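Positions 1 to 646 (the UniProt record's numbering) are the ones given, in order, by the sequence shown.
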Amino acid sequence: MFPCLLTISSSLYDSDLCRTSIANFHKSCPNKNCSVDICLSCCKELSEGFHQERDGKKNAEGKGYECRIPAGQGKDSDAYVPLHFSTWKLNSDSSIPCPPKECGGCGTSTLELRRLWKRDWVEKLITNAEKCTLNFRPTDVDIVHECSSCSTNSDSIRRQAAFRKNAHDNFLYSPNAVDLAEDDIAHFQFHWMKAEPVIVRNVLEKTSGLSWEPMVMWRACREMDPKRKGTEEETTKVKALDCLDWCEVEINLHQFFEGYLEGRMHKNGWPEMLKLKDWPPSDLFEKRLPRHNAEFIAALPFFDYTDPKSGILNLATRFPEGSLKPDLGPKTYIAYGFHEELNRGDSVTKLHCDISDAVNVLTHTAKVEIPPVKYQNIKVHQKKYAEAMLQKQQYSGQVKEASELENKSMKEVDESKKDLKDKAANEEQSNNSSRPSGSGEAEKVIISKEDNPTQPAVSTSVESIQEQKLDAPKETDGNTNERSKAVHGGAVWDIFRREDVPKLIQFLKRHEHEFRHFNNEPLESVIHPIHDQTMFLSDSQKKQLKEEFDIEPWTFEQHLGEAVFIPAGCPHQVRNRQSCIKVALDFVAPESVEECLRLTQEFRRLPKDHSSGEDKLELKKIALYAASSAIREVKGLMQSSRRSDT
Numbered sequence: 001m002f003p004c005l006l007t008i009s010s011s012l013y014d015s016d017l018c019r020t021s022i023a024n025f026h027k028s029c030p031n032k033n034c035s036v037d038i039c040l041s042c043c044k045e046l047s048e049g050f051h052q053e054r055d056g057k058k059n060a061e062g063k064g065y066e067c068r069i070p071a072g073q074g075k076d077s078d079a080y081v082p083l084h085f086s087t088w089k090l091n092s093d094s095s096i097p098c099p100p101k102e103c104g105g106c107g108t109s110t111l112e113l114r115r116l117w118k119r120d121w122v123e124k125l126i127t128n129a130e131k132c133t134l135n136f137r138p139t140d141v142d143i144v145h146e147c148s149s150c151s152t153n154s155d156s157i158r159r160q161a162a163f164r165k166n167a168h169d170n171f172l173y174s175p176n177a178v179d180l181a182e183d184d185i186a187h188f189q190f191h192w193m194k195a196e197p198v199i200v201r202n203v204l205e206k207t208s209g210l211s212w213e214p215m216v217m218w219r220a221c222r223e224m225d226p227k228r229k230g231t232e233e234e235t236t237k238v239k240a241l242d243c244l245d246w247c248e249v250e251i252n253l254h255q256f257f258e259g260y261l262e263g264r265m266h267k268n269g270w271p272e273m274l275k276l277k278d279w280p281p282s283d284l285f286e287k288r289l290p291r292h293n294a295e296f297i298a299a300l301p302f303f304d305y306t307d308p309k310s311g312i313l314n315l316a317t318r319f320p321e322g323s324l325k326p327d328l329g330p331k332t333y334i335a336y337g338f339h340e341e342l343n344r345g346d347s348v349t350k351l352h353c354d355i356s357d358a359v360n361v362l363t364h365t366a367k368v369e370i371p372p373v374k375y376q377n378i379k380v381h382q383k384k385y386a387e388a389m390l391q392k393q394q395y396s397g398q399v400k401e402a403s404e405l406e407n408k409s410m411k412e413v414d415e416s417k418k419d420l421k422d423k424a425a426n427e428e429q430s431n432n433s434s435r436p437s438g439s440g441e442a443e444k445v446i447i448s449k450e451d452n453p454t455q456p457a458v459s460t461s462v463e464s465i466q467e468q469k470l471d472a473p474k475e476t477d478g479n480t481n482e483r484s485k486a487v488h489g490g491a492v493w494d495i496f497r498r499e500d501v502p503k504l505i506q507f508l509k510r511h512e513h514e515f516r517h518f519n520n521e522p523l524e525s526v527i528h529p530i531h532d533q534t535m536f537l538s539d540s541q542k543k544q545l546k547e548e549f550d551i552e553p554w555t556f557e558q559h560l561g562e563a564v565f566i567p568a569g570c571p572h573q574v575r576n577r578q579s580c581i582k583v584a585l586d587f588v589a590p591e592s593v594e595e596c597l598r599l600t601q602e603f604r605r606l607p608k609d610h611s612s613g614e615d616k617l618e619l620k621k622i623a624l625y626a627a628s629s630a631i632r633e634v635k636g637l638m639q640s641s642r643r644s645d646t
């Protein structure tokens, strides 16, 4: 009988040094009054004397100083440890003492080797896996040549997203969900094994047509919350991010959704781009919006990978009942948008890299329109900002003067951001017909090429990569926006290849002081240019990246009803061209396990208080649970086959 799996609480078994989940063997303090647990990777680094050399560096969030300490000569040698750990030294016999009290330990005991599973459980698991796969030979994947299926059906199932010379991956697999057959999963797997994004069109056509209008979602969420009665929800405040300075603001939920549909402006006429922060919370999405949750799951293609509960190729579904599972979604992303790149305060998700695979569905868009007079006002501010930035680049020794010019161009915006509490209070007093911004009323924001025929075209770098023939989004009764005549998609995606990451990091480090984040100020410090999620590459910067390092991302527009599959380990960024509601789900494909493990090791070297430092995926546990489950199923099938033969 194969050993049963233990149910392990993640909150109890994380390494106290690097926050990586502990899968089995670890060092633990035997003192009953002490709860220190340290993973073997941290123990190895301690034994190699990494804490003897220090290079203090302020972290990106300004929360103090972290110590970047080399751990010997190994390839996994970089780790971040707080400065006060300098008092923690090995015993004379090379055993590891419990950290001193100022480091969170007891400082009196010696750490002991412990395990979470039964004796030899993992070794037996590996032996059984090898026996089950003894005669299995994985399919050879031709990574040199272009996909033959895509070449044959070039007009209908592929989309050009890059223009790399002598490359076979400039086109992305982009099937229509309505036409997908069961055997198309093999085509998906061909591209997924090569870590290429996949875009599936018209996924909402396979659902019941439930409306994703923000007001419909708002009312549905209100009805499912027993704590809210009557008009109480009308005054509910939520947290949103203002993309101008990346600071949190409080706003009435109803007013946020009004701004989503009609737009909001700062006092000086600059578009106010807000992103709703975690509404509803991802762990409550199914509970608060059960019908929308079911609709989203039904829309997902390749359900063997994407079904969050029973997908046979989604390794994250193999956690035993009753165990603490990682939060993989679904999660909503609701944000405003502007069809042109503003270069300041754009509605973006900054460059980052997910530790797992993900699928992102654009469920709703709203095209907001602007009169020509207001549009011209925006262009005036853009010109002033561009002049200020140019002056900074040309006269690096006169940063102060350039900064004053830049700040003058956006003075009214800065003033409107000084007192967020007053802003929230003013919003509370406004009603349906008025929306405040700063201390005054916000005017309706509108963006329309029809209203402004002289308006310049959007960046051709996006338009030139659109597919030759693409089915236009079809109408559904549940979403009036689908009847919009907008030509452009809701969001622009840039996804980088895994193999281009080293060059991308080189470029970002070289130009890190050209990027801005909190309070729209240049970055003071960068821990990791991708994992910090504080940089966004503009069109001009992407062009510069191409010139300096000869790399470019896959760039494409996501249209309403399209599902974008993002492989783990591919850095990506997104800019909204319209107000958008996206729903995303994480999953763990067998093809991505090696990359996920590599990222886990990379994330563990980040500072302890880094936003990406915590091992939320717990991939090592996922791999063990999935292997155990698969072996049990294979053994069961083999036994059934033997019985049928006899």
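By construction, the Cβ of each residue, glycine as well, lies at the ideal position given by its N, Cα and C atoms. As the structure is a computational prediction, the values presented were derived from the model and not from experiment.
Segment limits, beta strand (DSSP E) that includes L90: Taking the sequence shown and counting its residues from 1, one reaches residue 90 at position 90. Taken as a continuous stretch (DSSP letters only), L90 belongs to no beta strand (DSSP E), as it is neither H nor E.
CB contact below 8 angstroms: V216 versus chain C: Any reference to chain C falls outside this structure, which holds one protein chain only.
3-residue-minimum beta strand (DSSP E) runs that sit fully inside the region 235 to 313, ordered along the chain: 237 to 242, 247 to 252 and 274 to 276
Environment of E272 [buried if 16+ CB atoms lie within 10 Å]: Numbered from its first residue, the sequence shown carries residue 272 at position 272. E272 comes out buried.
Runs of alpha helix (DSSP H) wholly within the region 173 to 208 (minimum 4 residues, chain order): 184 to 193
Under the three-state DSSP convention, the category M638 falls into: Taking the sequence shown and counting its residues from 1, one reaches residue 638 at position 638. Helix.
Nearest-angstrom Cβ-Cβ length linking S356 and C596, presumed shorter than 8 angstroms: Within the sequence shown, the letter at position 356 stands for residue 356. Within the sequence shown, the letter at position 596 stands for residue 596. Correct: roughly 6 angstroms between the Cβ atoms.
Residue burial classification, L17 (beta-carbon count within 10 angstroms, cutoff 16): Taking the first residue of the sequence shown as position 1, residue 17 is located at position 17. Burial call: buried.
Length of the line joining the Cα atoms of R222 and T236: Here residue 222 refers to the residue found at position 222 when the sequence shown is read from its first residue. Here residue 236 refers to the residue found at position 236 when the sequence shown is read from its first residue. Roughly 10 angstroms separates the two Cα atoms.
Distance, A298 Cα to E205 Cα: Residue mapping note: residue 205 aligns to position 205 of the sequence shown, counting from 1. Residue mapping note: residue 298 aligns to position 298 of the sequence shown, counting from 1. The alpha-carbon atoms of E205 and A298 are separated by roughly 10 angstroms.
Assigned exposure category for M215 - 16 Cβ within 10 Å defines buried: For the purposes of this step, residue 215 is taken as residue 215 along the sequence shown, with counting starting at 1. M215 is exposed by the Cβ-count criterion.
Where D500 sits in the DSSP three-state scheme: Counting from one through the sequence shown, the residue named residue 500 turns up at place 500. DSSP places D500 in helix when its eight states are reduced to three.
Counterpart residues of N584 in DSSP-defined beta bridges: Position 584 of the sequence shown, counting from 1, holds the residue named residue 584. According to the sequence as given, residue 584 is Ala; it is not Asn. Note: A584 sits in a beta bridge opposite K331 and N360.
Span separating the alpha-carbon of N31 from that of R115: Reading the sequence shown from its first residue, position 31 is the one you call residue 31. Reading the sequence shown from its first residue, position 115 is the one you call residue 115. Straight-line Cα distance between these residues: approximately 16 angstroms.
Own chain residues within Cβ distance below 7 angstroms of E427, not counting five before or after: For this step, residue 427 is matched to residue 427 along the sequence shown. Low per-residue confidence applies at E427: pLDDT is 47, beneath 50, and the placement is therefore not dependable enough to give any value.
CB contact flag (C98, C42, <8 angstroms): Position 98 of the sequence shown, counted from the start, is the residue given in the question as residue 98. Position 42 of the sequence shown, counted from the start, is the residue given in the question as residue 42. Not a contact, by the Cβ cut-off of 8 angstroms.
Helix, strand or coil at C39 according to DSSP, with G and I counted as helix: Residue numbering aside, residue 39 sits at position 39 when the sequence shown is read from its first letter. Note: C39 maps to strand in three-state DSSP.
Boundaries of the beta strand (DSSP E) in which Q558 is found, first to last residue: Here residue 558 refers to the residue found at position 558 when the sequence shown is read from its first residue. From DSSP, the beta strand (DSSP E) with Q558 extends over W554 to Q558.
Selected residue, minimal CA-CA separation from R344, among N377, A358, P280 and A386: For the purposes of this step, residue 344 is taken as residue 344 along the sequence shown, with counting starting at 1. Nearest C-alpha to R344: A386.
Own chain, CB closer than 7 angstroms to E404, minus 5 neighbours either side, in chain order: Here residue 404 refers to the residue found at position 404 of the sequence shown. Bear in mind that a pLDDT of 48 at E404, under 50, signals an unreliable position, so the model cannot answer this.
Straight-line Cα distance separating P301 from F540: In the sequence shown, counting from the first residue as 1, residue 540 sits at position 540. In the sequence shown, counting from the first residue as 1, residue 301 sits at position 301. Here residue 540 is Ser; the residue named in the question, Phe, does not match the sequence. Spanning the two alpha carbons is a distance of roughly 35 angstroms.
Run of the alpha helix (DSSP H) containing T127, from where it starts to where it stops: Sequence index remark: in the sequence shown, residue 127 carries index 127 (1-based). Per DSSP, T127 belongs to the alpha helix (DSSP H) from W121 to C132.
Beta carbon of residue 678 nearer than 8 angstroms to that of E562: The structure shown does not extend to residue 678, since the chain is modelled only from 1 to 646, so the question has no answer here.
Same chain only: Cβ atoms within 6 angstroms of K620, ignoring 5 sequence neighbours per side: Here the question's residue 620 lines up with position 620 in the sequence shown. Cβ within range, chain order: A23.
S310 versus D304 - alpha carbon distance: As a position in the sequence shown, residue 310 is number 310, starting the count at 1. As a position in the sequence shown, residue 304 is number 304, starting the count at 1. Going from the Cα of S310 to the Cα of D304 covers about 8 angstroms.
Q578 (DSSP reduced to helix, strand or coil): What you label residue 578 is simply residue 578 of the sequence shown in a count that begins at 1. Three-state DSSP puts Q578 in coil, outside helix and strand.
F163 and W218 closer than 8 angstroms at C-beta: Reading the sequence shown from its first residue, position 163 is the one you call residue 163. Reading the sequence shown from its first residue, position 218 is the one you call residue 218. Not closer than 8 angstroms, so no.
For E602, three-class secondary structure by DSSP: Position 602 of the sequence shown holds residue 602. Note: E602 maps to helix in three-state DSSP.
Touch test, the region 124 to 137 against the region 164 to 182, Cβ-Cβ under 8 angstroms, three pairs minimum: no
Segment limits, beta strand (DSSP E) that includes K542: Position 542 of the sequence shown, counted from the start, is the residue given in the question as residue 542. It is not in any beta strand (DSSP E) - K542 instead sits in the alpha helix (DSSP H) that spans D539 to F549.
Pairwise C-alpha distance: D169 and F518: Here the question's residue 518 lines up with position 518 in the sequence shown. Here the question's residue 169 lines up with position 169 in the sequence shown. Roughly 36 angstroms separates the two Cα atoms.
Three-way DSSP call (helix, strand, coil) for D366 in this model: Taking the first residue of the sequence shown as position 1, residue 366 is located at position 366. Contrary to the premise, residue 366 reads as Ala rather than Asp in this sequence. Strand, per DSSP.
Simplified DSSP state of I495, which is helix, strand or coil: The sequence position of residue 495 within the sequence shown is 495, counting from 1. DSSP places I495 in strand when its eight states are reduced to three.
T534 versus N314: straight-line alpha-carbon distance, rounded: Your numbering for residue 534 matches position 534 in the sequence shown. Your numbering for residue 314 matches position 314 in the sequence shown. The straight-line gap from Cα to Cα measures roughly 30 angstroms.
Best match in D609, A626, T363 and K27 for proximity to L210 [C-alpha to C-alpha]: Here residue 210 corresponds to residue number 210 of the sequence shown, with the count starting at 1. Closest option to L210, Cα to Cα, is T363.
Helix, strand or coil at K27 according to DSSP, with G and I counted as helix: One-based indexing of the sequence shown puts residue 27 at position 27. Of the three classes helix, strand and coil, the one that applies to K27 here is strand, per DSSP.
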